[in-house]
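The structure appears right after this line, and notes come after that.
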Amino acid sequence: MRPRIQFPGKVEDVQLQFFGRFTWKDILRITAPSLLLYAFSDGLLPPVIGLLIGFAVYSIRPYDRTVDQLIYHFIRFTVEEKL
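Right, here's the structure in full:
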């Protein structure tokens, strides 16, 4: 039997996904607010709020882009406009 999926020539071309859906950037988007709140506060409630914010940042995709990508391009556009 021949495999139905062709394997890429280079391993670097394969994007690693966790659970078949999340990339490492998505995991970072979800956990970064929670980790920041955990580092600067005591208790369990702030990291839980941070996780909820992280899931919101991951799931809200206006114009088929993530929020952090839109913020990056907004900053880049305003800086280039000022120069």
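In UniProt numbering, the protein residues as written are 1 to 83. Note that CB positions come from ideal geometry on N, CA and C, so glycine has one too.
Distance CB(residue i)-CB(residue j) smaller than 8 Å
i, j, result
"Tyr38", "Pro47", "yes"
Where the alpha helix (DSSP H) through residue i begins and ends
i, result
"Leu36", "24 to 40"
Distance between beta carbons of residue j and residue i, contact taken as under 8 Å
i, j, result
"Gly50", "Leu36", "7 Å"
"Ile60", "Val67", "6 Å"
For residue i, three-class secondary structure by DSSP
i, result
"Thr78", "helix"
"Ile53", "helix"
"Ile60", "coil"
"Leu45", "helix"
"Leu70", "helix"
Taking one C-beta from the segment 21 to 31 and one from the segment 41 to 54 each time, how about it: are there three or more such pairs within less than 8 Å? yes
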